[in-house]
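**Q** So the protein sequences, as listed, match chains A and B. Everything in the first sequence is counted per the numbering used here, starting at 910 for the first residue and increasing by one. Everything in the second sequence is counted per the numbering used here, starting at 2 for the first residue and increasing by one. Here's a structure for you.
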Amino acid sequence: QKEVEQNSGPLSVPEGAIASLNCTYSDRGSQSFFWYRQYSGKSPELIMSIYSNGDKEDGRFTAQLNKASQYVSLLIRDSQPSDSATYLCAVNGGKIIFGKGTRLHILP
Amino acid sequence: EAGVAQSPRYKIIEKRQSVAFWCNPISGHATLYWYQQILGQGPKLLIQFQNNGVVDDSQLPKDRFSAERLKGVDSTLKIQPAKLEDSAVYLCASSSTGTSGRPDSYNEQFFGPGTRLTVL
């Protein structure tokens, strides 16, 4: 059974600080990794994708991938109240599997 | 570029009734996905189409769920008969085919607004 694990949270982070979200996956053959943001009552919105080991930066967001450790993370710098949402990790190893998501709460 | 369209946005039915959802993907996107998202969970893939062919329907409860994408563009998902546990948000997503040098598995999915189904 292929699995994607995330801490459900809530993760509370002060405004302006760095939020760190983590995800582990079981399928070593996974090739592509995604982070989605989902506001309450809304559909998931793609914010980052990463395919190779290392870091990928886009604005305030940095995705980090370590295939040897089967670990992918998302860093949000200068956290804003508008970043408060559930963050879904998705892993594609032929079939895309989503984690249950981590609820992030940015404290003003 | 218009996004993924879904209808209806909300549906309330009684158990044992039938219901259908419609999805129109982003123009030119060959791959279409239907997901079920239960409150507090991540989306669960029900079925994936590549053009009008089924790629993966391993998690589709085929005794009550069916889906089609006859012309390779829009798609319908049907539940008949509905059960209480089918209450969820049904999400449609689409992605383009692989571009040069990028395998299909790399493709990014874009979601529609979803249909919130309540079964009473």
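Every residue, glycine too, gets a C-beta built ideally from N, C-alpha and C. Because the structure is a prediction, the values reported are computed rather than measured.
Alpha carbon to alpha carbon, how far is Q979 of chain A from Y934 of chain A? Give it in angstroms, no decimals.
**A** Straight-line Cα distance between these residues: approximately 6 Å.
**Q** Quick check on S991 of chain A: does DSSP put it in helix, strand or coil?
**A** In this structure, S991 of chain A counts as helix in the three-state DSSP scheme.
**Q** Check whether the stretch 982 to 994 of chain A touches the stretch 22 to 33 of chain B, counting contact only when three or more Cβ pairs, one atom from each stretch, lie closer than 8 Å.
**A** They do not touch, by the three-pair rule.
**Q** Kindly indicate if chain B contains any beta-carbon less than 9 Å away from that of Y934 of chain A.
**A** By this cut-off, Y934 of chain A is not an interface position.
**Q** What is the C-beta distance between A3 of chain B and W35 of chain B, in whole angstroms, given that I count them as a contact (C-beta under 8 Å)?
**A** About 19 Å separates the two Cβ atoms, so there is no contact after all.
**Q** Leaving aside the five residues before and after A31 of chain B along the sequence, list all residues of the same chain whose C-beta is less than 7 Å from its C-beta, in chain order.
**A** So the qualifying residues of the chain are Q51, N52, S97 and T98.
**Q** For Q110 of chain B, which residues in the same chain have their Cβ closer than 6 Å to its Cβ, ignoring the five residues on either side in sequence?
**A** The residues are A94 and S96.
**Q** Using beta-carbon positions only, say whether G950 of chain A and L1013 of chain A come within less than 9 Å of one another.
**A** In this structure, L1013 of chain A does not lie closer than 9 Å to G950 of chain A by Cβ.
**Q** Please list, in chain order, the residues of the stretch 949 to 964 of chain A that have any C-beta partner in chain B closer than 9 Å.
**A** Result list: G950, K951, S952, P953, E954, L955, S958 and Y960.
**Q** Mind checking P1017 of chain A: buried by the 16 CB within 10 Å criterion, or exposed?
**A** By the neighbour-count rule (16 or more Cβ atoms within 10 Å), P1017 of chain A is not buried but exposed.
**Q** Alpha carbon to alpha carbon, how far is D58 of chain B from L47 of chain B? Give it in angstroms, no decimals.
**A** L47 of chain B and D58 of chain B: Cα-Cα distance of roughly 6 Å.
**Q** Give the interface partners of F111 of chain B over in chain A, defined as CB-CB distance under 7 Å, in chain order.
**A** Result: L955.
**Q** How about K16 of chain B and P82 of chain B: are their beta carbons less than 9 Å apart?
**A** Their beta carbons are under 9 Å apart, which means K16 of chain B touches P82 of chain B by this criterion.
**Q** Is the stretch 936 to 944 of chain A in contact with the stretch 996 to 1008 of chain A, if contact means three or more CB pairs nearer than 8 Å?
**A** Counting Cβ pairs under 8 Å, three or more are found: they touch.
**Q** May I ask whether a heavy atom of the ligand ZN can be found less than 8 Å away from the beta carbon of S952 of chain A?
**A** In the structure shown, the ligand ZN is absent, as is every other ligand, since no ligand is present at all.
**Q** Strictly by DSSP, which residues pair up with D967 of chain A?
**A** A:F970, per the DSSP bridge assignment.
**Q** Sorted by chain position, which residues of the same chain lie with C-beta nearer than 6 Å to V56 of chain B's C-beta, five sequence neighbours on each side aside?
**A** Closer than 6 Å at the Cβ level, and outside the excluded window around V56 of chain B, lie Q49.
**Q** Is A972 of chain A buried or exposed, if buried means 16 or more other CB atoms sit within 10 Å of its CB?
**A** Classification for A972 of chain A: buried.
**Q** Tell me, please, which residues DSSP counts as bridged to T931 of chain A.
**A** It should be noted that the sequence gives Asn, not Thr, for residue 931 of chain A. DSSP output for N931 of chain A lists A:S982 as bridge partner(s).
**Q** Roughly how far, in whole angstroms, is the beta-carbon of S982 of chain A from the beta-carbon of C932 of chain A, given that I think they are within contact range, below 8 Å?
**A** S982 of chain A to C932 of chain A, Cβ: 7 Å. Contact.
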